[in-house]
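All remarks here apply to the structure that follows.
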Amino acid sequence: MKKKSQKALLIILAIIIIEGILSIGLNHELQVGFDEGKFVIRNIESKKSIQDQINHEFQQYHMIKLFGKFIINWSVLRVILFVDLFLILFALLVKRKMHLIPGKLQIVAEMIYSFFFSLVIETVGEKKKYFTPYIFTIFVFIWLCNIIGLIPIPGNLEPTRNLNVPLGLGIMALMFVHYSAMKEKGIKLYLKEYAEPIAFMLPINVVGELAKGISLSFRLFGNILGGAIIVLVISNLTRFILIPVGLNLFFGLFIGTVQAFVFTMLVLSYTAVAIK
Amino acid sequence: MSEIVRAAALLGAGLCMGMGALGPGLGEGFTAGKACEGIARSPENAGLITRTMLVGQAVSESTGIYSLVISLLLIFAV
Numbered sequence: 002m003k004k005k006s007q008k009a010l011l012i013i014l015a016i017i018i019i020e021g022i023l024s025i026g027l028n029h030e031l032q033v034g035f036d037e038g039k040f041v042i043r044n045i046e047s048k049k050s051i052q053d054q055i056n057h058e059f060q061q062y063h064m065i066k067l068f069g070k071f072i073i074n075w076s077v078l079r080v081i082l083f084v085d086l087f088l089i090l091f092a093l094l095v096k097r098k099m100h101l102i103p104g105k106l107q108i109v110a111e112m113i114y115s116f117f118f119s120l121v122i123e124t125v126g127e128k129k130k131y132f133t134p135y136i137f138t139i140f141v142f143i144w145l146c147n148i149i150g151l152i153p154i155p156g157n158l159e160p161t162r163n164l165n166v167p168l169g170l171g172i173m174a175l176m177f178v179h180y181s182a183m184k185e186k187g188i189k190l191y192l193k194e195y196a197e198p199i200a201f202m203l204p205i206n207v208v209g210e211l212a213k214g215i216s217l218s219f220r221l222f223g224n225i226l227g228g229a230i231i232v233l234v235i236s237n238l239t240r241f242i243l244i245p246v247g248l249n250l251f252f253g254l255f256i257g258t259v260q261a262f263v264f265t266m267l268v269l270s271y272t273a274v275a276i277k
Numbered sequence: 032m033s034e035i036v037r038a039a040a041l042l043g044a045g046l047c048m049g050m051g052a053l054g055p056g057l058g059e060g061f062t063a064g065k066a067c068e069g070i071a072r073s074p075e076n077a078g079l080i081t082r083t084m085l086v087g088q089a090v091s092e093s094t095g096i097y098s099l100v101i102s103l104l105l106i107f108a109v
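Line by line, the protein sequences give chains H and V. The numbers in my numbering rise by one with no breaks, and the one at position 196 of the first sequence is 197. The numbers in my numbering rise by one with no breaks, and the one at position 70 of the second sequence is 101.
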């Protein structure tokens with residue numbers, strides 16, 4: 002048993018190393034060694050000005066053309082695929098050794114799952130407990146996306162820093178809310194709710210529904226990007242010595258966890274309002 | 032001419048962030064104070080109160096985040 006888990010750990014380590022090798026040449030964020038006689042711990046393309054660095058943070062250039070038509074932002078997609086791979090591996094590892102008396106991994110998984118299970122039951126009621134897998138998955142995914150920037154691999158930026166990722170998550174959450182409302186109420190009652198006080202209010206209600214998704218995604222995006230820019234500016238001021246570690250802990254771990262939880266909680270409460 | 036526009040954009044970004052941070056700061060502090068009162072009154076509900084407080088703070092923070100996005104746009108896109 003122990004050898005198997007060691008094997009799994011080795012596999013995960015190998016994936017991390019492979020990801021690091023793949024990402025060489027994307028951008029030179031990390032550099033350890035001697036530069037002009039001085040020991041350099043971390044050096045983000047020091048020839049550029051801070052303005053260019055922040056512009057670079059915004060853009061995350063590494064586009065790949067697929068079939069000559071689709072353009073894929075590989076530097077974001079790579080990290081998302083890594084997160085997905087990690088989640089799938091974790092799920093397989095937990096599922097392979099399911100027991101009545103749980104092991105270590107199973108305890109962790111059961112703890113997170115039962116927390117969200119009780120949250121769903123508290124918010125939308127006992128009958129709607131089939132919402133739990135979606136809620137659980139969206140939390141774990143956003144959480145891992147937010148904290149993956151802590152792993153010091155070159156080019157390992159948080160995917161949620163790019164607006165496209167939170168926008169996609171927000172659209173997905175909005176579709177989930179409206180689909181469950183339609184399923185719960187029936188399509189006639191659902192459409193009738195838009196003209197609720199008087200028919201004149203129709204456009205305002207539609208805009209209000211769209212603003213939910215936009216505010217969800219912009220909240221996540223703004224928090225992560227703002228934290229990243231603050232870390233970058235202060236690292237530049239302090240020459241990358243010691244202080245950025247604490248800042249990374251605050252912005253990566255604390256803000257990342259809180260924002261992931263807030264995203265899930267808001268999706269859940271929007272759903273609870275919509276199906277009421 | 033473009034320098035004047037750039038200066039105005041930077042000034043606008045500073046003003047936007049400063050004014051936009053006023054409301055969320057007040058609101059979040061007020062929420063945290065009320066949550067403290069609630070926890071002092073009934074410590075057994077501390078987990079629920081903290082959770083609700085975090086969600087409420089995140090919602091009231093969103094206007095601050097909007098102003099952050101606007102000022103970032105003013106700095107980097109204008």
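Yeah, the Cβ is synthetic: ideal placement off N, Cα and C, and Gly gets one too.
Closest Cα partner of V259(H) within the set V86(V), L103(V), I101(V) and Y97(V): As a first step, residue 259(H) must be located in the first sequence, where it is residue number 258. Minimum Cα distance to V259(H) is reached at V86(V).
Contact set between R220(H) and chain V, taken where Cβ atoms lie within less than 8 Å: Residue numbering aside, residue 220(H) sits at position 219 when the first sequence is read from its first letter. By Cβ distance, chain V contributes A89, E92, S93 and I96.
Whole-angstrom distance between L78(H) and G72(H), CA atom to CA atom: Translated into the one-based positions of the first sequence, residue 72(H) becomes position 71. Translated into the one-based positions of the first sequence, residue 78(H) becomes position 77. Note that residue 72(H) is Ile in the sequence shown here, rather than Gly. The straight-line gap from Cα to Cα measures roughly 11 Å.
Buried versus exposed call for Y180(H) [16 or more other C-beta atoms within 10 Å across all chains shown]: As a position in the first sequence, residue 180(H) is number 179, starting the count at 1. Flag for Y180(H) reads exposed.
Outcome for Y135(H) when other beta-carbon atoms lying within 10 angstroms are tallied against a minimum of 16: Locating residue 135(H) in the first sequence gives position 134, where the first residue counts as 1. Classification of Y135(H): buried, given that the 10 Å Cβ count is 16 or more.
Helix, strand or coil at N74(H) [DSSP, three-state]: In the first sequence, residue 74(H) corresponds to position 73, counting from 1. Looking at N74(H) - three-state DSSP - the assignment turns out to be strand.
Alpha carbon of V36(V) to alpha carbon of I225(H), nearest angstrom: Your numbering for residue 36(V) matches position 5 in the second sequence. Your numbering for residue 225(H) matches position 224 in the first sequence. In a straight line, the C-alpha of V36(V) is about 29 Å away from that of I225(H).
C-alpha distance - Q88(V) paired with A40(V), whole-angstrom precision: Here residue 88(V) refers to the residue found at position 57 when the second sequence is read from its first residue. Here residue 40(V) refers to the residue found at position 9 when the second sequence is read from its first residue. The alpha-carbon atoms of Q88(V) and A40(V) are separated by roughly 29 Å.
Contacting residues, own chain, Cβ-Cβ under 6 Å from I101(V) (five flanking each side not counted): Along the second sequence, one-based indexing puts residue 101(V) at 70. Taken in chain order, the residues that qualify are C47.
Counterpart residues of K66(H) in DSSP-defined beta bridges: Within the first sequence, residue 66(H) is the residue found at index 65, counting from 1. Answer is I72(H).
Residues near V166(H) by beta carbon distance below 6 Å, same chain, minus five either side: To locate residue 166(H), count along the first sequence from 1; it is residue 165. P160, listed in sequence order.
Cβ-based neighbour list, P198(H), same chain, cut-off 7 Å, excluding 5 preceding and 5 following: Within the first sequence, residue 198(H) is the residue found at index 197, counting from 1. Counting only Cβ-Cβ distances below 7 Å, and skipping sequence neighbours, we find nothing.
Beta carbon of A15(H) nearer than 7 Å to that of N147(H): The residue labelled residue 15(H) in the question sits at position 14 within the first sequence. The residue labelled residue 147(H) in the question sits at position 146 within the first sequence. Going by C-beta atoms, A15(H) is not nearer than 7 Å to N147(H).
For G51(V), the first and last residue of its enclosing alpha helix (DSSP H): On the second sequence, position 20 is the one that residue 51(V) refers to. Unbroken alpha helix (DSSP H) run through G51(V): S33 to R72.
Short CB-CB distance (under 7 Å) between L99(V) and chain H: Counting from one through the second sequence, the residue named residue 99(V) turns up at place 68. Chain H, which has a Cβ nearer than 7 Å to the Cβ of L99(V), makes this yes.
For A9(H), the three-state DSSP class (helix, strand or coil): Locating residue 9(H) in the first sequence gives position 8, where the first residue counts as 1. The answer is helix: DSSP assigns A9(H) an H, G or I state.
Host alpha helix (DSSP H) of K186(H) (start-end): In the first sequence, the residue the question calls residue 186(H) occupies position 185. Segment N165 to K186, the alpha helix (DSSP H) holding K186(H).
F262(H): contacting residues in chain V (beta-carbon distance under 9 Å): Taking the first residue of the first sequence as position 1, residue 262(H) is located at position 261. What F262(H) touches in chain V: R82, L85, V86 and A89.
Presumed contact (8 Å Cβ cut-off) between V141(H) and T272(H), rounded CB distance: For the purposes of this step, residue 141(H) is taken as residue 140 along the first sequence, with counting starting at 1. For the purposes of this step, residue 272(H) is taken as residue 271 along the first sequence, with counting starting at 1. So it is not a contact: roughly 18 Å between Cβ atoms.
Below-7 Å beta-carbon distance, K48(H) vs any chain V residue: For the purposes of this step, residue 48(H) is taken as the residue at position 47 of the first sequence. With a pLDDT of 49 at K48(H), under the threshold of 50, the modelled position of that residue is not reliable, and the figure given next carries that caveat. No - not a single Cβ of chain V is within 7 Å of the one on K48(H).
Residues within the region 211 to 241 of chain H neighbouring chain V, beta-carbon criterion of under 8 Å: S216, F219, R220, F222, G223, N224, L226, G227 and I230
N-terminal and C-terminal residue of the alpha helix (DSSP H) that A81(V) is part of: On the second sequence, position 50 is the one that residue 81(V) refers to. The residue asked about is misnamed: residue 81(V) is Thr in this sequence, not Ala. Element bounds for T81(V): A77 to F107.
Coil, strand or helix - G104(H) by DSSP: By one-based count along the first sequence, residue 104(H) stands at place 103. Three-state result, G104(H): coil.
Straight-line gap, F280(H) to K4(H) (C-alpha atoms, nearest Å): In this structure chain H extends from 2 to 277, so residue 280(H) is not present and cannot be described.
Cutoff 7 Å: M112(H) Cβ touching any chain V Cβ: If you number the first sequence from 1, residue 112(H) lands on position 111. No, its Cβ sits nowhere closer than 7 Å to a Cβ of chain V.
Any C-beta of chain V under 7 Å from that of M176(H): Translated into positions along the first sequence, residue 176(H) becomes position 175. Chain V contact via Cβ: absent.
Other residues of its chain near G58(V): CB distance less than 7 Å, five sequence neighbours each side excluded: Counting from 1 along the second sequence, the entry for residue 58(V) is found at position 27. Around G58(V): S91.
Counted within 10 angstroms of its Cβ, other Cβ atoms place I45(H) as buried (16 or more) or exposed: Taking the first sequence and counting its residues from 1, the one referred to as residue 45(H) is at position 44. Any reading at I45(H) must be qualified, since the residue scores a pLDDT of 49, below 50, and its modelled position is unreliable; the value itself is stated next. Result: buried.
Sub-7 Å separation of L94(H) and A182(H) beta-carbons: In the first sequence, counting from the first residue as 1, residue 94(H) sits at position 93. In the first sequence, counting from the first residue as 1, residue 182(H) sits at position 181. Not a contact, by the Cβ cut-off of 7 Å.
Helix, strand or coil at M202(H) according to DSSP, with G and I counted as helix: The residue given as residue 202(H) occupies position 201 in the first sequence. The answer is helix: DSSP assigns M202(H) an H, G or I state.
Extent of the continuous alpha helix (DSSP H) run through E196(H): Your numbering for residue 196(H) matches position 195 in the first sequence. Rather than Glu, the amino acid found at residue 196(H) in this sequence is Ala. Run containing A196(H): none; DSSP gives neither H nor E here.
Contact with chain V by M99(H), beta-carbon distance below 7 Å: On the first sequence, residue 99(H) is found 98 positions in, with the first residue counted as 1. It does not; no Cβ of chain V falls within 7 Å.
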